[in-house]
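Peer 1: This is the structure I want to talk about, given as structure tokens.
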Amino acid sequence: MLPRLVYRLLTEVSPRLAWKAAHLWAYKGTRAVAAHRRRAARGELFPPFLFLALTNACNLHCRGCWIESRGPVFRLSEAEVDAVIASGKRRHSWFFTLLGGEPMMYPGALDIPRRHPDCYFQIITNGLFFGDDNVREIRRLGNVTPLVSLDGPEEANDRRRGAGVFAAATDGMARLKREKILFGVATTVTGQNLDEVTSDEYVRGFIRRGAMYLWYYVFRPVGADPAPELCVDREQMLELRRRLLVLRRRHPIVLIDTYWNAAGEAVCPAALGLGFHIGPRGSIEPCPPLSFARETIRDNQGDLAATIDRSRFLRAFQEFVRARTRGCVILERPGELAEFLRQWNVTDYSGRDALAEIAAGTARTSHHLPGEEIPEDYWFYRLLKRQLFFGMGGYG
Ligand code: SF4
326 MLPRLVYRLL TEVSPRLAWK AAHLWAYKGT RAVAAHRRRA ARGELFPPFL
376 FLALTNACNL HCRGCWIESR GPVFRLSEAE VDAVIASGKR RHSWFFTLLG
426 GEPMMYPGAL DIPRRHPDCY FQIITNGLFF GDDNVREIRR LGNVTPLVSL
476 DGPEEANDRR RGAGVFAAAT DGMARLKREK ILFGVATTVT GQNLDEVTSD
526 EYVRGFIRRG AMYLWYYVFR PVGADPAPEL CVDREQMLEL RRRLLVLRRR
576 HPIVLIDTYW NAAGEAVCPA ALGLGFHIGP RGSIEPCPPL SFARETIRDN
626 QGDLAATIDR SRFLRAFQEF VRARTRGCVI LERPGELAEF LRQWNVTDYS
676 GRDALAEIAA GTARTSHHLP GEEIPEDYWF YRLLKRQLFF GMGGYG
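All the letters of the sequence shown, read from the start, carry residue numbers 326 to 721 under the working numbering.
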């Protein structure tokens, strides 16, 4: 697999963009993780990676989405975005995931990577904004990797995301491929699409379309329409893990999950302090599906590092998770999680009553599978997971 992946990288990605990804994403990502470990050893809290939800505005209304995009539009100001990134840089954190809503609907979204050429940006997008101008600009910038969300083959995707979305997103991907841009596809795995989205055919389809990485998320029943029937059960979770290992050996594409470390043990990025989520109103939240916060980026005169490090809530959240599971408390302990959030008197930034939604949830399997851990069996992925995307940009 590796020689074919290297061949693809050499022939399908512009050498300048490949070099930028190697330097800004891989090399600086490794340094960011090392700096994070040193901070953690001193008892300091600041993540190596940050998610910035630029806006809650979105042109789609996908089933199971937890973002409230029909009400008032919120966005981070340009000055706030720059201040967050500057704080990250001071702590050797150079990788930022831009999301929303739809981040490409944020005015001047591509001005952000232009203003910060020493950082690398992953844009999680529905893929409907890759007309010629934007694609040329992404190529010119070089420090952006689009991650296009597609949930299964055309019919299944459009059932969740809307008619015509698959065709429009893959058109955009064709333009990204033509301009030799490094991009990936994000797919949500549900109990219903597991077979389809982990098939050889599915993976090959995105290789043909030029994706260099495929990022699997596991469905979480959150939001106004939580769709619990889409949850993955324990046997399916184990099957997902087994299939990932097989697909990784078989296909020249990087298959990313942020659920398991090299030993196959479960990981919660928020509990490990690997990444926090900044909402479009500036709230500092544990992770994207948990839109609750006690602090905002405006606290402590805008000193983000001080605000995160002094956040008793973020630290208590880590303790709360660690005391219960290595996996996901949203899935495993919704009732206790709602109680914890209530005790901390958090502000709910969802635009709905997300606390009531979580409280109404039923305990389910997460990726924590004690006694049945399946370690990575391919040295390349063991190395990556030890050094790099062990939580990088991951929803967990
Ligand atoms: S595992 Fe669950 S709680 Fe942890 S970061 Fe992921 S979604 Fe959030």
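Don't be surprised by glycine CBs; every beta carbon is placed ideally from N, CA and C.
Keep in mind the model is a prediction, meaning the values are calculated, not measured.
Among the candidates W540, T513, G548, G535, whose CA atom is the shortest distance from the CA of V557?
Peer 2: For V557, the nearest C-alpha among the options comes from T513.
Peer 1: At a cut of 8 angstroms, does the region 395–412 reach the region 337–353 through at least three beta carbon pairs?
Peer 2: Output reads no: the region 337–353 does not touch the region 395–412.
Peer 1: Once DSSP output is grouped into helix, strand and coil, what is the label at W585?
Peer 2: In this structure, W585 counts as strand in the three-state DSSP scheme.
Peer 1: For G477 versus N451, is the C-beta distance shorter than 8 angstroms?
Peer 2: Going by C-beta atoms, G477 is not nearer than 8 angstroms to N451.
Peer 1: Would you identify the three-state DSSP class for P428, choosing helix, strand or coil?
Peer 2: In the structure shown, P428 sits in a helix (DSSP, three-state: H, G or I).
Peer 1: Flag P659 as yes when its Cβ comes closer than 7 angstroms to any non-hydrogen atom of the ligand SF4, and as no otherwise.
Peer 2: It does not: the Cβ of P659 is nowhere closer than 7 angstroms to a heavy atom of the ligand SF4.
Peer 1: Distance, Cα to Cα, D678 vs C387?
Peer 2: Those two C-alpha atoms are separated by around 19 angstroms.
Peer 1: Are the beta-carbon atoms of E504 and R461 separated by less than 8 angstroms?
Peer 2: Against a cut-off of 8 angstroms, the Cβ pair of R461 and E504 comes out as a contact.
Peer 1: By how many angstroms is the C-alpha of D634 removed from the C-alpha of R367?
Peer 2: Going by the C-alpha atoms only, they are around 11 angstroms apart.
Peer 1: Would you mind working out which of K414, V469, H417, D458 sits nearest R439, comparing C-alpha positions?
Peer 2: Looking at the Cα atoms, V469 is the closest of the given residues.
Peer 1: How is the beta strand (DSSP E) around V331 delimited, first residue to last?
Peer 2: Per DSSP, V331 belongs to no beta strand (DSSP E); it is in the alpha helix (DSSP H), 327–337.
Peer 1: Considering only the alpha carbon of each residue, which of L507, Y538, Y542, A492 lies closest to G516?
Peer 2: Among L507, Y538, Y542, A492, the Cα nearest to that of G516 is on Y542.
Peer 1: Does G660 come out as helix, strand or coil in the three-state DSSP assignment?
Peer 2: In this structure, G660 counts as helix in the three-state DSSP scheme.
Peer 1: Between the C-alpha atoms of L680 and D673, what's the straight-line distance to the nearest angstrom?
Peer 2: Using only the alpha carbons, I get a separation of about 7 angstroms.
Peer 1: With a cut-off of 8 angstroms, does the C-beta of A648 fall near any C-beta of chain B?
Peer 2: Looking for chain B here will not work: only one protein chain is present.
Peer 1: Taking G389 and A552 to be in contact with their CB atoms under 8 angstroms, please state how far apart those CB atoms are, rounded to whole angstroms.
Peer 2: Confirmed, Cβ separation roughly 5 angstroms.
Peer 1: From the DSSP output, in three-state form, read off E480 for me.
Peer 2: Residue state, collapsed to three classes: helix.
Peer 1: Could you say if the region 580–594 and the region 563–572 meet the contact criterion of at least three C-beta pairs nearer than 8 angstroms?
Peer 2: Verdict: yes, contact present.
Peer 1: Identify whether I622 lies in helix, strand or coil by the three-state DSSP scheme.
Peer 2: I622: coil per DSSP, three-state reduction.
Peer 1: Quick check: the Cα distance between L466 and C612, rounded to an integer number of angstroms?
Peer 2: So the two alpha carbons sit approximately 28 angstroms from each other.
Peer 1: Which residues in the same chain have their Cβ closer than 6 angstroms to the Cβ of V510, if we skip the five residues on either side of it in sequence?
Peer 2: Closer than 6 angstroms at Cβ, skipping near neighbours: V473, L475, F531, A536, L539.
Peer 1: What is the residue span of the alpha helix (DSSP H) that V406 lies within?
Peer 2: V406 -> alpha helix (DSSP H) spans 403–415.
Peer 1: Judging by CA-CA distance, which residue of E560, M326, G598 is the nearest neighbour of A365?
Peer 2: When only C-alpha atoms are compared, the closest one is G598.
Peer 1: Starting from the N-terminal side, write out each stretch of the alpha helix (DSSP H) that is 4 residues or longer and does not extend beyond the region 458–517.
Peer 2: For the region 458–517, whole alpha helix (DSSP H) runs of length 4 or above, ordered along the chain, are 479–486, 490–503.
Peer 1: Please work out which residues of its chain come closer than 8 angstroms, Cβ to Cβ, to L342, disregarding the five sequence neighbours upstream and downstream, and give them in chain order.
Peer 2: So the list reads R464, G467, K505, I506, L507, once near-sequence residues are dropped.
Peer 1: Around the C-beta of E554, are 16 or more other C-beta atoms found within 10 angstroms, so that it is buried, or is it exposed?
Peer 2: Counting Cβ neighbours within 10 Å, E554 comes out exposed, since fewer than 16 surround it.
Peer 1: Given a threshold of 16 other Cβ atoms within 10 Å of its Cβ, counted over all protein chains shown, does Q668 qualify as buried or as exposed?
Peer 2: Q668 comes out exposed.
Peer 1: If you compare alpha carbons, which of R637, A493, L662 is closest to R649?
Peer 2: Measuring from the Cα of R649, the nearest candidate turns out to be L662.
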